[in-house]
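First comes the structure, then the notes that go with it.
In UniProt numbering, the protein residues as written are 1 to 261.
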């Protein structure tokens, strides 16, 4: 009358013993109310109490776990459940409540999880999301976990001396380099050095390369000039030697070099 599938479902639940007789009767009543044909529905309703009593073993009692005393006469639901409960037998807690209503206890509100306030000992004030407010000791961050701008150190140590002012001009930022030395991120014009302690502009890499190329060219030029000067000197020396030899030979040929005989 109300469907073979529904009948099989009720039979399985009854045999499994996982649902009270009142709940089985309430489910049967729900299935009957969902019968689309009005004639069949009225016929089923007229035999509902007999079917529930004989087939399901339900005697019509109203059991609401102490949270109600009146049930719907047709669907067997508990009416006006109290103690923040609901369900066929007031056996469940409303949303945002917790407890054991099936054991007769009321349901109580679920307390919001307490938000921890971890500020590394630099503050004791947090917002609803746990973000630290008014970080002290020159720290910053959602948990006061880093040093403020212009300071360096480890804010997570949790002491008032975690962060030290950077030794940089104009309150500039700094960091600890690979050599474990404090170094300024940037230096003002006319200053250089790891903490901008030296005067004079620092040449850039391009300037250094350009200067090196210029020096190499000058050195090559000097070498070429020296080589040319050496070559010219050698040529002059050779020319003078040749001229001297020719002069001596001329003197000999003219008899200036002969002895009287």
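Using N, Cα and C, we set each Cβ at its ideal position, and we do this for glycine too.
Just so you know, these numbers come straight off a predicted model, no measurement behind them.
Taking all protein chains shown into account, decide if residue i is buried (16 or more other Cβ within 10 angstroms of its Cβ) or exposed.
{"i": "residue 34", "result": "exposed"}
{"i": "residue 96", "result": "exposed"}
{"i": "residue 227", "result": "exposed"}
{"i": "residue 109", "result": "exposed"}
{"i": "residue 73", "result": "exposed"}
{"i": "residue 68", "result": "buried"}
{"i": "residue 52", "result": "buried"}
{"i": "residue 162", "result": "buried"}
{"i": "residue 193", "result": "exposed"}
{"i": "residue 16", "result": "exposed"}
{"i": "residue 284", "result": "Given that the chain is displayed from residue 1 to residue 261, the structure contains no residue 284 and the question cannot be resolved."}
{"i": "residue 139", "result": "buried"}
{"i": "residue 85", "result": "buried"}
{"i": "residue 28", "result": "buried"}
{"i": "residue 181", "result": "exposed"}
{"i": "residue 160", "result": "exposed"}
List the endpoints of the continuous beta strand (DSSP E) containing residue i.
{"i": "residue 151", "result": "151 to 153"}
{"i": "residue 182", "result": "182 to 184"}
{"i": "residue 164", "result": "163 to 165"}
Provide the residue span of the alpha helix (DSSP H) that contains residue i, from first to last.
{"i": "residue 75", "result": "From DSSP, residue 75 is part of no alpha helix (DSSP H); its letter is neither H nor E."}
{"i": "residue 39", "result": "38 to 46"}
{"i": "residue 176", "result": "Unbroken run through residue 176 is the beta strand (DSSP E), 174 to 176; no alpha helix (DSSP H)."}
{"i": "residue 18", "result": "From DSSP, residue 18 is part of no alpha helix (DSSP H); its letter is neither H nor E."}
Less than 7 Å between C-beta atoms, sequence neighbours within five positions excluded: which residues of the same chain meet that for residue i?
{"i": "residue 13", "result": "19 and 24"}
{"i": "residue 136", "result": "122 and 123"}
{"i": "residue 204", "result": "Confidence is the limiting factor: at residue 204 the pLDDT is only 49, short of 50, which leaves the residue's position unreliable and the question unanswerable from this model."}
{"i": "residue 196", "result": "168, 169, 184, 187 and 188"}
{"i": "residue 144", "result": "119, 120, 122, 123, 132, 135 and 155"}
{"i": "residue 83", "result": "67, 101, 106 and 107"}
{"i": "residue 5", "result": "none"}
In chain order, what residues of the same chain lie with their CB nearer than 6 Å to the CB of residue i, ignoring the 5 residues before and after it?
{"i": "residue 11", "result": "none"}
{"i": "residue 70", "result": "79"}
{"i": "residue 57", "result": "21"}
{"i": "residue 81", "result": "67, 68 and 90"}
{"i": "residue 165", "result": "151"}
- prompt: Can you find at least 3 beta carbon pairs, one from the stretch 58 to 67 and one from the stretch 88 to 97, that sit closer than 8 Å?
  reply: The way I'd put it, the stretch 58 to 67 does touch the stretch 88 to 97; three or more beta-carbon pairs between them come closer than 8 Å.
task: Could you say if the stretch 168 to 185 and the stretch 141 to 152 meet the contact criterion of at least three C-beta pairs nearer than 8 Å?
output: A contact exists between the stretch 168 to 185 and the stretch 141 to 152.
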